[in-house]
Amino acid sequence: MEKVDQIIKKWNSDPDFVIEMMQDIQDEFKYIPEEALETITLQTKVPLAHLYHIATFYKSFSLTPRGKYEIQVCTGTACHVKGAPLIIDAFKRELNIEIGETTQDGKFTLEEVRCLGCCSLAPVVMINDDIYGDFTSDKIKTVLKKYDEVAL
Numbered sequence: 000m001e002k003v004d005q006i007i008k009k010w011n012s013d014p015d016f017v018i019e020m021m022q023d024i025q026d027e028f029k030y031i032p033e034e035a036l037e038t039i040t041l042q043t044k045v046p047l048a049h050l051y052h053i054a055t056f057y058k059s060f061s062l063t064p065r066g067k068y069e070i071q072v073c074t075g076t077a078c079h080v081k082g083a084p085l086i087i088d089a090f091k092r093e094l095n096i097e098i099g100e101t102t103q104d105g106k107f108t109l110e111e112v113r114c115l116g117c118c119s120l121a122p123v124v125m126i127n128d129d130i131y132g133d134f135t136s137d138k139i140k141t142v143l144k145k146y147d148e149v150a151l
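Following numbering that gives the first Met the number 0, the numbering of the sequence shown begins with 0 at its first residue and continues without gaps.
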């Protein structure tokens with residue numbers, strides 16, 4: 000994995016920066032492949048078990064492939080009260096996946112998050128870096144179509 004080697008080299012194989020290495024690998028591959036963890040272990044001497052602990056402790060890391068577009072539905076108090084559970088159910092039906100799963104075509108991953116920090120826009124959905132406030136279930140098809148067109 001040449002790209003993994005480059006990322007580790009960028010951090011000078013310093014064991015103090017394994018989280019940063021893992022973040023860069025996650026950004027590059029949309030998940031952290033097992034082979035990448037093994038490479039980090041070999042080059043930094045950080046035990047593989049410790050890397051797995053980090054990868055499973057932080058929700059931002061994934062050991063399975065993620066979709067090109069990560070849909071995050073906020074379920075914080077303001078969003079919950081304004082219908083976030085209904086929005087999640089509608090996304091699950093539309094995409095035919097559960098929370099934490101990725102569509103078979105690899106385009107979308109659905110996640111529930113506790114707060115996106117924009118409560119005044121509740122309910123909020125974030126797709127990658129795009130934030131959609133005052134979101135309702137009837138907007139799902141239109142918004143997903145936008146990303147389907149970009150993916151083509």
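Glycine included, C-beta positions come from ideal geometry on N, C-alpha and C.
Taking the alpha carbon of residue i as the reference point, which residue from the options has its own alpha carbon closest?
i, options, result
"Ala-121", "Gly-132, Gly-99 and Asn-127", "Gly-132"
"Ala-83", "Phe-134, Trp-10 and Tyr-30", "Phe-134"
"Lys-91", "Leu-109, Lys-67 and Lys-29", "Leu-109"
"Val-3", "Pro-14, Phe-16 and Glu-34", "Glu-34"
"Ser-59", "Lys-145, Ser-136 and Gln-25", "Gln-25"
"Gly-105", "Ala-89, Lys-29 and Val-80", "Lys-29"
"Ser-136", "Gly-99, Met-20, Leu-94 and Thr-76", "Leu-94"
"Ile-86", "Val-142, Ile-53 and Ser-61", "Val-142"
"Asp-13", "Phe-107, Glu-1 and Leu-41", "Leu-41"
"Ile-53", "Ile-18, Val-80, Thr-76 and Glu-27", "Ile-18"
"Cys-78", "Lys-9, Ile-31, Phe-107 and Arg-113", "Arg-113"
"Glu-152", "Gln-103, Cys-73 and Phe-16", "This structure cannot settle anything about residue 152, because the visible part of the chain is limited to 0 through 151."
How would you label residue i, buried or exposed, when you count the other beta carbons within 10 angstroms and need 16 or more for buried?
i, result
"Thr-63", "exposed"
"Asp-23", "buried"
"Leu-151", "The pLDDT assigned to Leu-151 is 48, lower than 50, so where the model puts this residue is not dependable, and the model offers no usable value."
"Thr-101", "buried"
"Phe-56", "exposed"
"Ile-98", "exposed"
"Thr-76", "exposed"
Name, in chain order, the residues that DSSP records as bridge partners for residue i.
i, result
"Phe-134", "Note: Phe-134 sits in no beta bridge, so no partner."
"Ile-126", "Ile-70 and Asp-129"
"Glu-110", "Gln-71"
"Thr-101", "Thr-108"
**OP:** Determine, using beta-carbon pairs with one atom in the segment 113–131 and one in the segment 40–60, whether at least three such pairs fall under 8 angstroms.
**Re:** no
Original post:
Does the segment 123–130 touch the segment 64–77, meaning 3 or more C-beta pairs lie closer than 8 angstroms?
Top reply: yes
Subject >> Every unbroken beta strand (DSSP E) inside the segment 20–88 [3 residues or more] >> reply: Runs found: 68–73.
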